[in-house]
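Report on the structure given below.
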Amino acid sequence: MGAYLNPGKMSYQMAVNSEIFIDKTEMILYLNSVVNTSQRFVCVSRPRRFGKTMAADMLCAYYGRDAGSRELFEKCKVSGDREDGLPWDAYLGEFNVLRIVMTDFMEGASSIEDMLVYLTEEVTMELCEAYPDIRYGSRVNVRTVMNKIYGKYKTQFVVVIDEWDAIFREHKYDKEGQKEYLDFLRDWLKDKEYIALAYMTGILPIKKYGKHSALNMFWEYSMTEPQQLAPYVGFTAEEVREECMKRSLNYGAFQEWYDGYRLSNRVSEGLSEKGAVVDINLFREYEVYSPFSVVRAMISRQIGNYWNQTETYEALKQYVDFNFDGLKEDVAVLMDGGRVTVDITGYLNDMTSFNGKDDILTMFIHLGYLGYDRDSKEVFIPNKEVLQVFKASTKSRDWTVTFRALSNSRKLLEATWACDEETVGELIDAAHDTAGNRTYNSEAGLSYAIQLAYYAAQDEYTIIPELDTGKGYADLAFIPKKPNRPALLIELKYEHDADTAIGQIHRQRYPDRLEHYKGNLILVGISYDRELKNDEVLFKHHSCKIERA
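Quick note on my numbering: the sequence shown kicks off at -18 and runs consecutively.
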């Protein structure tokens, strides 16, 4: 057994021997199903504290030659009866395992290039020592050495790479070095017969460069798309409840502090054959807990914030302070228990390439700061422990204004539901007053100010600017996410009164577009006179007309 080649079972044995051991060995059954298939390249991303290293140790113990792990796994769930009749030990001890922890090679390396040289030297030396009878030729690198070994002995490899994405976190701005690293992994692994299974794990999904990826052979399982590996990401509610019962601990306290991540192994809708019988028991939603925090709290019998032992609030604060597109307002909504819609598709899977707040919010999902609802495409703060981190990162005086604005925004929404025209006008005055005088009178400025004034509504509504009604465009439409809330149509006017705005809503028949909300629809006309000078009493004053329809 070596440091990299066939490291054996000891690391996993210590995990099994621990006071708290949650058996995740059934994950092996799924990985066995992709061994020596086109799907044998697996990349699993999950936050710190979510058991990535233990899963990697488990695979080394199971697949590694001479690990002697049969007795160990015979006592685990993986060896239980299976309906498909396939043997659980089909690949037990079958392969050479190469275990690489990328952070080990980053210590002392001056650059990514230097790190790759170090990795190549260390790994090839151990491989050559294990197979000294092979003539390796003049060009010795990981790829050629493994190919030579496979060519002579037909022994395949399982490659397990832990902290694979550390380079993108430690060398954030070295774009050329990052590309060199991805090319190294591609040349080493892609289309190689000597690879029976490649398993990479890290915090971030695979880095994208434009529309392409050097590692496009990998099948990714992430916090947004965990798929078949969803029950193995962290501790499930059933597992935590069972451990609490063993120790006479209050499960409710653990649920409040450490629960909240919602993961599904459901496939996309519409893919099953029409009329086909689908076993709904195969598809589940999982409540997932942070393993590190649960274990610490159970052993110490002390509920508390263990997150800050592996993360500091500064790691969160530096990104929130970017304040892309009103990110601070969204964070305020989240901290108030609300949800925010996010588009996760544009994120490039690194920690520097941000084109807007959606990219930062998506990164927070992968880092574990936010939970993600795949159906509604919304994010939320998962539990009390993570909320404490957000609170620590928002203590500065700058946040006082943001939280006050959130409070006013909620009042504005409630006043709109109550059709309180005077209060709505006053609160919009206050919100629009934050706009600079040079841009105050622009149409875009007013629209943005109104949306900002109503930003607390995003927890209750999907907000659509310029809704096409067939006879024109309603300035703002608020479509309720909950059945007990009214829909809202808002029309903005500059040099006409609010009655004119309401008149346009009726004349252009905007409500027809939301006909199914008839009887539960509120029409709002908002106007102000932009010709008034700043020394006049009604400068930056808004009039408001509200009707139910």
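Every residue gets a Cβ at the ideal spot worked out from N, C-alpha and C, and that includes glycine.
A direct Cα-Cα distance of roughly 16 Å separates Val59 from Val15. In the structure shown, Glu0 adopts coil according to DSSP, grouped into three states. For the pair Glu201 and Ile93, the Cα-to-Cα distance works out to about 24 Å.
Cβ-Cβ distances below 7 Å link Glu402 to Cys525, Lys526 and Ile527 in the same chain, with the five nearest sequence neighbours on each side left out; the list follows chain order. Counting C-beta atoms within 10 angstroms of its own C-beta, Ile280 has fewer than 16 neighbours from the protein chains shown and is therefore classed as exposed. Secondary-structure assignment with DSSP links Asn77 through a beta bridge to Phe138. Boundaries of the alpha helix (DSSP H) around Cys41: Lys33 to Tyr44.
Rounded to whole angstroms, the separation of the alpha carbons of Tyr134 and Pro113 is 13 Å.
Assignment of beta-bridge partners to Pro461 by DSSP yields Tyr442. The Cβ neighbour count for Gln299, taken over all protein chains shown within 10 Å, is under 16; the residue is labelled exposed.
For Pro(-12), same chain residues with a beta-carbon under 8 Å away, outside a window of 5 residues either side, are Met(-18), Cys41, Gly45, Val78 and Arg80 in chain order. When secondary structure is reduced to three states using DSSP, Glu268 falls in the strand class. In its chain, beyond the 5 residues on either side, no residue has a beta carbon closer than 7 Å to the beta carbon of Gly500. Contact annotation: Met87 and Trp145 have beta-carbon atoms that are not nearer than 7 Å. Per DSSP, the beta-bridge partners of Cys525 are Ile507. The Cβ-Cβ distance between Ser(-8) and Asp38 falls below 7 Å. Take Ala234, set aside five residues on each side of it, and the residues of its chain with a beta-carbon closer than 6 Å to its own are Ile284, in chain order.
In this structure, DSSP gives Thr322 an extended state, which the three-state scheme calls strand. For Gly183, the number of other beta carbons within 10 angstroms of its own is at least 16, and it is reported as buried. By the Cβ neighbour-count rule, Ser229 is exposed, with fewer than 16 other Cβ atoms within 10 Å of its own. Taking the Cα positions, Gln20 is about 15 Å away from Pro207. In the DSSP assignment, Asp354 falls within the unbroken beta strand (DSSP E) covering Gly352 to Asp354. Counting other Cβ atoms within 10 Å of its Cβ, Val314 reaches 16 or more and is therefore classed as buried. For Gly484, there is no enclosing beta strand (DSSP E); the residue is part of the alpha helix (DSSP H) that begins and ends at Ala479 to Arg488. For Val276, the CB contacts under 6 Å within the same chain, skipping 5 residues up- and downstream, are Ile1 in chain order.
Cβ-Cβ separation between Leu470 and Leu504: approximately 5 Å, consistent with a contact (criterion under 8 Å). Non-local C-beta neighbours of Leu178 in its own chain, meaning closer than 6 Å and more than five positions away in sequence, comprise Val16, Arg21 and Val139, ordered along the chain. Setting aside the 5 residues that flank it on each side, Met204 is surrounded in the same chain by Ser26, Arg27, Pro28, Val214, Tyr242, Leu244, Ile346, His347, Gly349 and Tyr353, each with a C-beta closer than 8 Å to its C-beta; the list follows chain order.
Considering only Val141, Met(-5) and Phe335, the residue with the shortest C-alpha distance to Tyr154 is Phe335. In its chain, beyond the 5 residues on either side, no residue has a beta carbon closer than 6 Å to the beta carbon of Ser91. Taking one beta carbon from each stretch, the segment 404 to 412 and the segment 319 to 335 have fewer than 3 pairs nearer than 8 Å; the two do not touch. With respect to Val321, Asp306 sits apart: the two C-beta atoms are not nearer than 7 Å.
CA-to-CA, the gap between Ile142 and Phe165 works out to about 13 Å. Relative to Glu174, the option among Phe149, Arg124, Asn197 and Phe216 whose CA is nearest is Arg124. Counting along the chain, no beta strand (DSSP E) covers Thr84; the unbroken alpha helix (DSSP H) around it starts and ends at Met83 to Met87. Within the segment 109 to 173, the complete alpha helix (DSSP H) segments of 4 residues or longer fall at 123 to 134, 147 to 151 and 156 to 170, listed in chain order.
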